[in-house]
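Chemist:
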Amino acid sequence: MSGAARRNRCPGGTPSGSPPRRSRKKASLPRSSTSAELEERLLRDRIVFLGTPINDEVANRVVAQLLFLENQNPTEDIRLYLNSPGGSVTAALAICDTLEQVKPDVSTICVGQCSGMAVLLLALGERGKRFATADARFMLTPMTGGRPEDAPMMERIRQNFAERLARATNQRVDQVLRDCEEERLMGAREAVHYGLVDEVVERPRV
Numbered sequence: 001m002s003g004a005a006r007r008n009r010c011p012g013g014t015p016s017g018s019p020p021r022r023s024r025k026k027a028s029l030p031r032s033s034t035s036a037e038l039e040e041r042l043l044r045d046r047i048v049f050l051g052t053p054i055n056d057e058v059a060n061r062v063v064a065q066l067l068f069l070e071n072q073n074p075t076e077d078i079r080l081y082l083n084s085p086g087g088s089v090t091a092a093l094a095i096c097d098t099l100e101q102v103k104p105d106v107s108t109i110c111v112g113q114c115s116g117m118a119v120l121l122l123a124l125g126e127r128g129k130r131f132a133t134a135d136a137r138f139m140l141t142p143m144t145g146g147r148p149e150d151a152p153m154m155e156r157i158r159q160n161f162a163e164r165l166a167r168a169t170n171q172r173v174d175q176v177l178r179d180c181e182e183e184r185l186m187g188a189r190e191a192v193h194y195g196l197v198d199e200v201v202e203r204p205r206v
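Numbered per the UniProt record's numbering, the sequence shown spans residues 1 to 206.
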């Protein structure tokens with residue numbers, strides 16, 4: 001290689017007359033789309049979103065958000081969006097108790113699915129303010145699991161669930177128990193007829 005050619009080369013090995021190569025950066029979501037920041041933005045509009053199976057951590061977060069919004073304004077409605085397959089009975093009951101105790105009306109909206117304990121959360125919304133999107137699906141499921149020695153407690157919880165859902169939907173307790181055992185599946189219109197929701201909306205109200 002001649003001296004002139006060597007002088008025209010850059011340390012990186014690219015001729016000085018050639019445009020520099022751009023390093024490829026991995027695409028990343030903006031910081032504003034992180035989960036915590038999204039939750040904060042929703043809370044500003046008094047929206048709580050439950051979009052996972054229900055466990056203790058999820059229940060604690062939802063309860064805390066409901067209490068926070070009540071403290072912020074005890075008269076303005078809260079909207080609880082649900083897309084959950086259900087989950088822990090005791091964790092979900094903590095949310096149920098909070099829904100029944102907070103001062104603001106809580107409007108519930110099912111987007112996607114509500115199964116198991118999530119059905120009760122939906123039904124416990126304020127009468128006249130319980131909604132479902134057109135393609136939402138609902139399933140009543142039996143309560144199973146636990147050790148044999150826990151059977152009496154599970155039976156009490158099962159009865160409690162049925163009684164609360166019956167009150168919220170104007171169904172008979174025995175009908176609710178039967179529908180749970182049969183794993184009854186409903187669409188949005190059928191859920192209105194059953195009393196789980198009051199209205200089907202084409203798009204969520206935000």
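Every residue, glycine too, gets a C-beta built ideally from N, C-alpha and C.
Using a Cβ-Cβ cutoff of less than 6 Å, which residues in the same chain neighbour Pro-85 once the five nearest sequence positions on both sides are dropped?
Modeler: Numbered from its first residue, the sequence shown carries residue 85 at position 85. Result list for Pro-85: Pro-53, Ser-115, in chain order.
Chemist: Grab the span of the alpha helix (DSSP H) containing Arg-164 for me, first residue to last.
Modeler: The count along the sequence shown starts at 1 and reaches residue 164 at position 164. Taken as a continuous stretch (DSSP letters only), the alpha helix (DSSP H) holding Arg-164 covers 151-169.
Chemist: Which of the three DSSP states is assigned to Ala-136 in this structure?
Modeler: In the sequence shown, the residue the question calls residue 136 occupies position 136. Looking at Ala-136 - three-state DSSP - the assignment turns out to be coil, as it is neither helix nor strand.
Chemist: Take Leu-196 as the anchor and find which of Ile-109, Ile-157, Pro-142, Glu-149 has the nearest alpha-carbon.
Modeler: Position 196 of the sequence shown, counting from 1, holds the residue named residue 196. Nearest C-alpha to Leu-196: Ile-109.
Chemist: Please report the residue range of the beta strand (DSSP E) in which Ser-115 lies.
Modeler: The sequence position of residue 115 within the sequence shown is 115, counting from 1. 106-115 is the span of the beta strand (DSSP E), which, as asked, contains Ser-115.
Chemist: Can you tell me whether residue 212 is helix, strand or coil according to DSSP?
Modeler: Residue 212 cannot be examined here, being either before or after the span of the chain that is shown, 1 to 206.
Chemist: Give a yes or no on contact between the segment 72-84 and the segment 137-153, applying the rule of three or more CB pairs nearer than 8 Å.
Modeler: The segment 72-84, when compared against the segment 137-153, does not touch it at the 8 Å Cβ threshold.
Chemist: Taking Ala-134 as the reference, give the member of Glu-202, Glu-149, Asp-105 with the closest Cα.
Modeler: For the purposes of this step, residue 134 is taken as residue 134 along the sequence shown, with counting starting at 1. Checking every option, the nearest Cα to that of Ala-134 belongs to Glu-202.
Chemist: Output needed for Thr-75: all residues of its chain with C-beta closer than 8 Å, excluding positions within five of it in sequence on either side, in chain order.
Modeler: On the sequence shown, position 75 is the one that residue 75 refers to. For Thr-75, where only same-chain residues beyond five positions count, the Cβ hits under 8 Å are Lys-103, Pro-104.
Chemist: Quick one: what does DSSP say Glu-182 is sitting in, helix, strand or coil?
Modeler: As a working mapping, residue 182 is identified with position 182 in the sequence shown. Looking at Glu-182 - three-state DSSP - the assignment turns out to be coil, as it is neither helix nor strand.
Chemist: Rank Arg-127, Phe-49, Ala-132, Leu-66 by C-alpha distance to the C-alpha of Asn-170 and give the top, closest one.
Modeler: If you number the sequence shown from 1, residue 170 lands on position 170. Taking only the C-alpha atoms, the option nearest Asn-170 is Arg-127.
Chemist: Bridge partners for Val-200 per DSSP, in chain order?
Modeler: Counted from its first residue, the sequence shown places residue 200 at position 200. In the DSSP output, where bridge partners are listed per residue, Val-200 has Ala-132.
Chemist: Do you know offhand how far Val-63's Cα is from Arg-41's?
Modeler: Numbered from its first residue, the sequence shown carries residue 63 at position 63. Numbered from its first residue, the sequence shown carries residue 41 at position 41. Going from the Cα of Val-63 to the Cα of Arg-41 covers about 17 Å.
Chemist: Report yes if the C-beta distance between Arg-189 and Val-176 is below 8 Å; otherwise report no.
Modeler: Looking up residue 189 in the sequence shown gives position 189. Looking up residue 176 in the sequence shown gives position 176. Against a cut-off of 8 Å, the Cβ pair of Val-176 and Arg-189 comes out as no contact.
Chemist: One question on the structure: do residue 231 and Ala-123 come within less than 8 Å of each other, judged by their Cβ atoms?
Modeler: A question about residue 231 goes unanswered here, because the residues of the chain that appear run from 1 up to 206.
Chemist: How should Asp-179 be labelled, buried or exposed, when 16 other C-beta atoms within 10 angstroms of its C-beta is the threshold for buried?
Modeler: For the purposes of this step, residue 179 is taken as the residue at position 179 of the sequence shown. By the 10 Å Cβ count, Asp-179 comes out buried.
Chemist: Does the Cβ-Cβ distance between Ala-132 and Ala-59 come in under 8 Å?
Modeler: Translated into positions along the sequence shown, residue 132 becomes position 132. Translated into positions along the sequence shown, residue 59 becomes position 59. No, they are not a contact pair.
Chemist: Could you check the C-alpha separation between Leu-43 and Glu-70 for me, to the nearest Å?
Modeler: Within the sequence shown, numbered from 1, the residue matching residue 43 stands at position 43. Within the sequence shown, numbered from 1, the residue matching residue 70 stands at position 70. C-alpha separation (whole angstroms): 11 Å.
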